[in-house]
Ligand code: AHR
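Numbering (the working numbering), first residue to last: 4 to 486.
Take a look at the structure:
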């Protein structure tokens, strides 16, 4: 493929760092065991958060973390998760296996997690079974300073200073598990709830309305028409599947056809964003409202022998292709898509990290985020993905460097690339590849370093031209100094 960026360059668009956001729900071992082990655990931890996982996640610079769900958010009553942990209310986690949720991880613990990760907070409020007052109180509890009942309660619980909440979601999947609402009804509910999101901090909270499921374009039109002026973002959920929802493919033991079908399903993100954005344009021609893809990733069969409600799945090179392809799609649509949150950060669906007791491993998807982090807040020069091509890519520039990422999801063919950059380049400051000969290569607790990033030495640069062969089943990231 020939890519010429020397002429006719579109005006650069910033690739919001939030496109590389994460999501962690009270689901299976996503929080408990995966992140939170408690202060008395033998697993090394700081304030109850396991140090091995935090150290690994810090390296990918998680810009934003969505919590507490997902479906769980619509049964979460935040007051259950504050105060003396020994006295916190125990509830049944009805969405995810009926396990006991002891609420030992609550608001204070979440903000401690954000502090340790250096991430901003995206709180998803309970609309399904909560009240406007409950949401309003939570916002006050988290963000108000001075002398108010909620601020004083927070101080009494050990945190006098308010926290920064960047994003606030109002309902999750309200068309389904979050209340089975019709869009006309939800639009009014949203308008009411958002009225009582008061501003206590310096910055107004960025309010996100519950958007469509996959290709429900009518939802987008109705909610935008009626509630568009009251929101900053509209969410979208789309998971990559190998087959029908009822026939999820195996995460490790898959055929070539299943490799292709998962990738094709992931690539539909491009179409869904395009189509939803068209509907949004109708009611928001100035593009004031962003699209927020706050759940995405591969959804495969749960690992045999694990609780099916815990959604624990292995993660192979194929998932890394899904991640890189999808990030390229977000980068392609960065004018409209402002944030995306892969589901989910640890031990659930397409994770960065898997844990087993005190053991931890990094997944192939983790390495994609490790390489793509250089695009965070960079200026996009080009981003490409198309149904007809196995190659997708992002080229950006930041801090005097060009950043080039390519994903070749072909099972059989390497892809020659010749790219002409706007200026001549100096030396490569970074060159890594994620590639294995086996399509289902993955890390296990017995062999945690089977899949790793390797140095990539095949790229040749001359003047503004960079030539390389992107091997089949690989993701490559290169950085070059601008001359
Ligand atoms: O990510 C798992 C679940 O998928 C979330 O809880 C829900 O929002 C979605 O259906």
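The C-beta atom is built at its ideal place from N, Cα and C for all residues, glycine as well.
Quick caveat: nothing in here was measured; it's all calculated off a predicted structure.
For residue 311, which residues of its own chain have a beta-carbon under 6 Å away from its beta-carbon, when the five flanking residues on both sides are left out?
Same-chain partners within the cutoff: 305.
If we count the other Cβ atoms within 10 Å of its Cβ and call it buried at 16 or more, is residue 101 buried or exposed?
Exposed is the call here.
By how many angstroms is the C-alpha of residue 177 removed from the C-alpha of residue 275?
Residue 275 and residue 177 have their C-alpha atoms spaced approximately 19 Å apart.
Taking the Cβ atom as the reference point for each residue, do residue 31 and residue 76 lie within a distance shorter than 9 Å?
Going by beta carbons, residue 31 and residue 76 fall outside the 9 Å limit.
Identify the residues that DSSP records as bridge partners of residue 319: which are they?
The bridge partners DSSP lists for residue 319 are 445.
Let me confirm a value: residue 159 is counted as buried when at least 16 other C-beta atoms fall within 10 Å, else exposed. Which label applies?
When all chains shown are included, residue 159 counts as exposed.
Does the distance between the C-beta of residue 491 and the nearest non-hydrogen atom of ligand 1 fall short of 8 Å?
The requested residue 491 is not part of the displayed model; the chain covers only 4 to 486.
What is the chain-ordered set of residues for which the beta carbon lies under 6 Å from any non-hydrogen atom of ligand 1?
Here the list is 28, 72, 73, 74, 175, 176, 298, 346, 347, 352.
I'd like to know if residue 328 contacts chain D, where contact means its C-beta is closer than 9 Å to some C-beta of that chain.
Looking for chain D here will not work: only one protein chain is present.
Between the beta-carbon of residue 451 and the beta-carbon of residue 384, is there less than 9 Å?
No. Outside cutoff.
Buried versus exposed, by CB contacts within 10 Å (16 or more), residue 291
It counts as exposed.
Applying the 10 Å Cβ sphere with the 16-neighbour rule, what's the burial state of residue 116?
With 16 or more Cβ atoms within 10 Å of its Cβ, residue 116 is classed as buried.
Measure the alpha-carbon distance for residue 257 versus residue 330 and round it to whole angstroms.
Straight through space, the alpha carbons of residue 330 and residue 257 are spaced by roughly 23 Å.
Classification of residue 333 by the beta-carbon crowding that lies within 10 angstroms, buried from 16 upward
Result: buried.
Residue 457 bridges to which residues according to DSSP?
Its beta-bridge partners are 436.
If the criterion is Cβ atoms closer than 9 Å, does the pair residue 398 and residue 473 meet it?
No, they are not a contact pair.
For residue 240, which of helix, strand or coil comes out of DSSP?
In the structure shown, residue 240 sits in a strand (DSSP, three-state: E or B).
Any chance the segment 94 to 108 sits against the segment 22 to 31, with 3 or more Cβ pairs inside 8 Å?
Enough Cβ pairs lie closer than 8 Å, so yes.
Between the segment 135 to 151 and the segment 67 to 75, are three or more C-beta pairs nearer than 8 Å?
With a cut-off of 8 Å, the segment 67 to 75 and the segment 135 to 151 do not count as touching, because too few Cβ pairs lie within range.
Residue 128 and residue 60 look like a contact to me (Cβ under 8 Å); what is the Cβ gap, rounded to whole Å?
In this structure residue 128 does not touch residue 60 by the C-beta definition: roughly 24 Å separates them, more than the 8 Å allowed.
Enumerate in chain order the residues of its own chain whose CB-to-CB distance from residue 280 is below 8 Å, with the five nearest sequence positions on each side excluded.
Contacts found: 294, 336, 339.
Residue 244: buried (16+ other C-beta within 10 angstroms of its C-beta) or exposed?
Around the beta carbon of residue 244, 16 or more other beta carbons sit within 10 angstroms, so the residue counts as buried.
Less than 9 Å between the beta carbons of residue 148 and residue 164, yes or no?
Going by C-beta atoms, residue 148 is nearer than 9 Å to residue 164.
Residues bridged to residue 212 (per DSSP):
Partner residues in the beta bridge of residue 212, as assigned by DSSP, are 173, 237.
Looking only at C-alpha atoms, which of 66, 58, 40 sits nearest to residue 380?
Nearest C-alpha to residue 380: 66.
Exposed or buried, residue 367, counting other C-beta atoms within 10 Å across all chains shown (16 or more means buried)?
Using a 10 angstroms sphere on the CB of residue 367, the tally of other CB atoms reaches 16 or more, which defines it as buried.
Using only CA atoms, which one of 461, 434, 194, 445 lies nearest to residue 365?
For the residues 461, 434, 194, 445, the minimum Cα distance to residue 365 belongs to 445.
Using beta-carbon positions only, say whether residue 229 and residue 253 come within less than 9 Å of one another.
No, they are not a contact pair.
For residue 29, three-class secondary structure by DSSP
In the three-state reduction of the DSSP assignment, residue 29 falls in the coil class, being assigned neither a helical nor a strand state.
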